[in-house]
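Undergrad: Before I ask anything, here is the structure I am working with.
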Amino acid sequence: MKILRNIAAAALLALAAPATAQAAGGDIAFPPQIWSFSGPFGTFDRASAQRGFQVYSEVCAACHAMKHAYYRDLKGIGLNEKEIEAIAAAVMVPTIGDDGSATERKGIPSDRFRSPYANERAARAAFNGAYPPDLSVMIKARPGGADQMYALLTGYADPPAGMTVGDGMYYNKYFAGHQIAMAPPLADGRVTYADGTRASVEQMARDVTVFLSYIAEPEMETRKRLGVKVVLFLIFLTGLTYATKRKVWSDVH
Amino acid sequence: MAGLHKSEFENPVIRWIDSRLPVFTMMQKEYGVFPTPRNFNYLWNFGALAMINLVIMIATGIFLAMNYTPHATMAFDSVERIMRDVNYGWLLRYVHANGASMFFIVVYIHIFRGLYYGSYKTPRELLWILGVVILLLMMATAFMGYVLPWGQMSYWGATVITNLFSAFPIVGESIVTWLWGGFSVDNPTLNRFFSLHYLMPFVLVGVVFLHIAALHITGSNNPLGIDVKGPQDTLPFHPYYTIKDSVGICVYLLVFAMFVFFAPNYLGHPDNYIPANPLVTPAHIVPEWYFLPFYAILRSVPDKLGGVLLMFASIGVLAVLPWLDTSPVRSARFRPVYRILFWVLAVACVVLGICGGKPAEGIWVVLSRIATAYYFLHFLVILPILGKFERTLPLPESISRAVLPTGGGGPLPGGAAAKPMEKA
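Now the structure itself:
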């Protein structure tokens, strides 16, 4: 049995291998945060996500696209249909008019979030060749997930003595290579929260991370709720099946 | 002789069909009363689990294909659309993506079970070889499926793996161009990979059918590795093994559900949520976890062609295993030395898997070389010699003598299938 246990331990190690391989990406550890949406019963903190949407709208959206998300997705962070219609209507989206010429119309909830630039090349031209990446699945696209996003947004600092930061680049403790083209996006009081929450850098970073986590996985709450039911059912079915097996086999054992 | 099949079914509709096309008689013979060794342990679940897994993959894959767009500019977006806009699209995709991992977990355990109990030995050599063909088809299918979301790892994984063929002298470069349908991995590559990814599973179904047909000729091996001597050694497949397999299926679905619902991206790589970009190479290009041992073998050789050949040889050696293992005793239970070496091999494979996920430098290169060396030493040198010198333990006279307290003298359980379950 001891050898079996060793093998099991080795197999577990092997399972963990992909995760560690990813972490090897830049050898930067991201301080773990407590998120309401982690764990099998996790849900998104609606108030925090709504504040995060405000940070996204007033800060991130100036440069970053989020093209896979729709305005109607905001329902999932607790906004009602009237509010979503108003948010969408405040945006002009490109369309083609009856005469065939390019024009714009008011947005509706089924529109995707409008990108700040017409295309990637236009964005690069405006940002010294760097492209502000699309934020739709950003949380899933980084090994540290939400922890990494929060660390990055709060990780700006003065470069350590002896390090020269390139022209138009900024020092960040949590970015691979420690030089990032994105200027520090947050500063205390950068936005004014309607609910009176103090808009510290940490608070805004946390809120926008919650919002982007929702945007990356809008199905997460449904998925976990369904998962709990499926697992409970399967545990019950396993018990039932095993009892039946015992009964069927009782005449040959 | 022509004429209707003499059907034993009483239901008139079934009888009518069965006398013209005896599929019911066949099912009854192969899955109803089929004599199956009475001493299977739960490791014998894994063939059935692999079958279930294949069905799940095809079922989810068909529906994913209805919503997926195999075009370099639209593939990534169409996958994201499946995740967000298609009803339960996230479930389909997560089941399919994690199903690939589950398939390899199940099949690897199935293979190691065969290695431990000597299931590859005569008369089951062809059955085993068909299994190796299934493994190869699975690997090709999984590799091409991973390319379809057209993320960074899709693109660069495809580039690295297809480039392996360039190692072959003279024809190498032409083969790679031919595989790509151009001069780099691009839209034509994605298109053909999608086509083949849809085709291969059905080829797989065909080979699985042959695998099972061959199994039903020789009959199953068993934990004792000795032949079935008579009806006292067997039980009808139904209900004994249908219910035992059902227990395994439930546990398997539980593990599967844990991944799908609570850690759907744990086994994936985050870089694959970044759209493919031919101008940016990821810091570490790593294949999916189930290819890591082979990737480690590939990288353990300093020469590219040598690495490629060794990687293919690592599977090729399995195909000739029935003739490399010279011991007449099948089960490791009666082979004290082989039993230890089996675990050494298993550890070597796990070490290879870990090394494959690490950058090819320092200690990881040394470890993967040692493990690769043992892998080939095990099959090519140790097994042929061991069979000649190992002192095996005495084999039991029969399965029933070994596992039944009465020594097999009791009533024959052959008619147990028809017996109502009144016994508590």
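Chains as they are written, first to last, in numbering that gives the first Met the number 0: chain Y, 0 to 252; chain A, 0 to 423.
Using N, Cα and C, we set each Cβ at its ideal position, and we do this for glycine too.
This structure is a prediction, so every number in the text was calculated from the model and none was measured.
By the DSSP assignment, the alpha helix (DSSP H) with A61 (chain Y) in it spans what residues?
TA: The count along the first sequence starts at 1 and reaches residue 61 (chain Y) at position 62. No alpha helix (DSSP H) contains A61 (chain Y), which DSSP labels as neither H nor E.
Undergrad: Taking beta-carbon pairs under 7 angstroms, can you tell me which members of the segment 106-129 of chain A lie near chain Y?
TA: From the segment 106-129 of chain A, no residue has a Cβ closer than 7 angstroms to chain Y.
Undergrad: How do the segment 75-91 of chain A and the segment 291-308 of chain A stand: do at least 3 beta-carbon pairs fall below 8 angstroms, yes or no?
TA: These segments do not touch.
Undergrad: Run down chain A in chain order and give the residues with a C-beta less than 7 angstroms from the C-beta of H63 (chain Y).
TA: The count along the first sequence starts at 1 and reaches residue 63 (chain Y) at position 64. In chain order: nothing, as chain A lies at least about 14 angstroms away.
Undergrad: State the DSSP-derived secondary structure class of T102 (chain Y), mapped to helix, strand or coil.
TA: Taking the first residue of the first sequence as position 1, residue 102 (chain Y) is located at position 103. Correct three-state label for T102 (chain Y): strand.
Undergrad: Please confirm if P238 (chain A) has its CB atom under 7 angstroms from at least one CB of chain Y.
TA: Start at 1 with the first residue of the second sequence, and residue 238 (chain A) comes out as number 239. Interface residue, yes.
Undergrad: Check the Cβ of F261 (chain A) against every Cβ in chain Y and list those closer than 8 angstroms, keeping chain order.
TA: Numbered from 1 along the second sequence, position 262 holds the residue referred to as residue 261 (chain A). Simply P39, K223, G226.
Undergrad: Which complete alpha helix (DSSP H) runs does the segment 278-316 of chain A hold, if anything under 4 residues is left out?
TA: Within the segment 278-316 of chain A, the complete alpha helix (DSSP H) runs of at least 4 residues are 291-299.
Undergrad: For chain Y, find out if any of its Cβ atoms is closer than 7 angstroms to the Cβ of E172 (chain A); answer yes or no.
TA: Residue mapping note: residue 172 (chain A) aligns to position 173 of the second sequence, counting from 1. No, its Cβ sits nowhere closer than 7 angstroms to a Cβ of chain Y.
Undergrad: Determine the chain Y residues that contact V32 (chain A) at a beta-carbon separation under 8 angstroms, and present them in chain order.
TA: Walking along the second sequence from the start, residue 32 (chain A) turns up at place 33. Result: empty, since nearest Cβ-Cβ is about 15 angstroms, beyond 8 angstroms.
Undergrad: In whole angstroms, what is the alpha-carbon distance linking N40 (chain A) and S18 (chain A)?
TA: As a position in the second sequence, residue 40 (chain A) is number 41, starting the count at 1. As a position in the second sequence, residue 18 (chain A) is number 19, starting the count at 1. Straight-line Cα distance between these residues: approximately 37 angstroms.
Undergrad: Check this for me: beta carbons of Y155 (chain Y) and R111 (chain Y), under 7 angstroms apart or not?
TA: Within the first sequence, numbered from 1, the residue matching residue 155 (chain Y) stands at position 156. Within the first sequence, numbered from 1, the residue matching residue 111 (chain Y) stands at position 112. No, the Cβ-Cβ distance between Y155 (chain Y) and R111 (chain Y) is not below 7 angstroms.
Undergrad: Quick one: is L129 (chain A) buried, meaning 16 or more other Cβ sit within 10 Å of its Cβ, or exposed?
TA: Numbered from its first residue, the second sequence carries residue 129 (chain A) at position 130. Buried, because 16 or more other Cβ atoms sit within 10 Å of the Cβ of L129 (chain A).
Undergrad: Looking only at DSSP bridge pairs, what is M91 (chain Y) linked to?
TA: Sequence index remark: in the first sequence, residue 91 (chain Y) carries index 92 (1-based). Answer is Y:K105.
Undergrad: Does the beta-carbon distance from L48 (chain A) to Y240 (chain A) come in below 7 angstroms?
TA: Here the question's residue 48 (chain A) lines up with position 49 in the second sequence. Here the question's residue 240 (chain A) lines up with position 241 in the second sequence. Result no, Cβ atoms of L48 (chain A) and Y240 (chain A) do not sit closer than 7 angstroms.
Undergrad: Where do the ends of the alpha helix (DSSP H) carrying L366 (chain A) lie?
TA: Walking along the second sequence from the start, residue 366 (chain A) turns up at place 367. Per DSSP, L366 (chain A) belongs to the alpha helix (DSSP H) from 362-376.
Undergrad: For a cutoff of 7 angstroms on Cβ pairs, would you count S245 (chain A) as touching chain Y?
TA: Residue mapping note: residue 245 (chain A) aligns to position 246 of the second sequence, counting from 1. Closer than 7 angstroms to some Cβ of chain Y, the Cβ of S245 (chain A) qualifies, so yes.
Undergrad: For A345 (chain A), collect the residues of the same chain with a Cβ closer than 7 angstroms to its Cβ; drop the 5 residues on either side in sequence, then sort them by chain order.
TA: Position 346 of the second sequence, counted from the first residue, corresponds to residue 345 (chain A). Contacts found: F111.
Undergrad: Go through the segment 129-171 of chain A residue by residue and report every complete run of the alpha helix (DSSP H) that reaches 4 residues or more, in order.
TA: Within the segment 129-171 of chain A, the complete alpha helix (DSSP H) runs of at least 4 residues are 151-162.
Undergrad: Kindly indicate which three-state DSSP category P69 (chain A) falls into: helix, strand or coil?
TA: Within the second sequence, residue 69 (chain A) is the residue found at index 70, counting from 1. Coil at P69 (chain A), not helix or strand.
Undergrad: Got a sec? Which residues, its chain only, sit under 7 angstroms from I83 (chain Y) by beta carbon, not counting five neighbours each side?
TA: Your numbering for residue 83 (chain Y) matches position 84 in the first sequence. Result list for I83 (chain Y): Y70, R71, L73, K74, P108, in chain order.
Undergrad: Is Y294 (chain A) close to chain Y, meaning its C-beta is less than 7 angstroms from at least one C-beta of that chain?
TA: The count along the second sequence starts at 1 and reaches residue 294 (chain A) at position 295. It does not; no Cβ of chain Y falls within 7 angstroms.
Undergrad: Taking the beta carbon of N221 (chain A) as the centre, do at least 16 other beta carbons fall within 10 Å, making it buried, or is it exposed?
TA: By one-based count along the second sequence, residue 221 (chain A) stands at place 222. N221 (chain A) should be labelled buried.
Undergrad: With contact counted as at least three CB pairs below 8 angstroms, one residue from each stretch, are the segment 299-315 of chain A and the segment 181-198 of chain A in contact?
TA: Counting Cβ pairs under 8 angstroms, fewer than three are found: no touch.
Undergrad: Would you please state the rounded distance, in angstroms, between the beta carbons of G31 (chain A) and P235 (chain A)? I believe it to be under 8 angstroms.
TA: The residue labelled residue 31 (chain A) in the question sits at position 32 within the second sequence. The residue labelled residue 235 (chain A) in the question sits at position 236 within the second sequence. That pair is a contact at about 7 angstroms.
Undergrad: Is any heavy atom of the ligand HEM found at a distance shorter than 6 angstroms from the C-beta of V365 (chain A)?
TA: In terms of ligand content, the structure shown is empty, and the ligand HEM therefore cannot be addressed.
Undergrad: List, in order along the chain, the chain A residues whose C-beta lies closer than 8 angstroms to that of I234 (chain Y)?
TA: Taking the first sequence and counting its residues from 1, one reaches residue 234 (chain Y) at position 235. Residues of chain A passing the Cβ test: L253.
Undergrad: Look up I55 (chain A) in the DSSP assignment and say whether it is helix, strand or coil.
TA: Residue numbering aside, residue 55 (chain A) sits at position 56 when the second sequence is read from its first letter. Three-state DSSP puts I55 (chain A) in a helix.
Undergrad: Assuming H268 (chain A) contacts V285 (chain A) under a Cβ cut-off of 8 angstroms, what Cβ separation, rounded to an integer in Å, is found between them?
TA: As a first step, residue 268 (chain A) is located in the second sequence; it is residue number 269 there, counting from the start. As a first step, residue 285 (chain A) is located in the second sequence; it is residue number 286 there, counting from the start. About 7 angstroms; that satisfies the 8 angstroms criterion.
Undergrad: Hey, would you say A71 (chain A) sits closer than 7 angstroms to Y154 (chain A), going by beta carbons?
TA: Locating residue 71 (chain A) in the second sequence gives position 72, counting from the first residue. Locating residue 154 (chain A) in the second sequence gives position 155, counting from the first residue. Cβ atoms of A71 (chain A) and Y154 (chain A): not closer than 7 angstroms.
Undergrad: On a Cα-Cα basis, can you pick out the residue from Y:C62, Y:A160, Y:Q178 that is closest to D133 (chain Y)?
TA: Within the first sequence, the letter at position 134 stands for residue 133 (chain Y). The residue with the shortest Cα to Cα distance from D133 (chain Y) is Y:C62.
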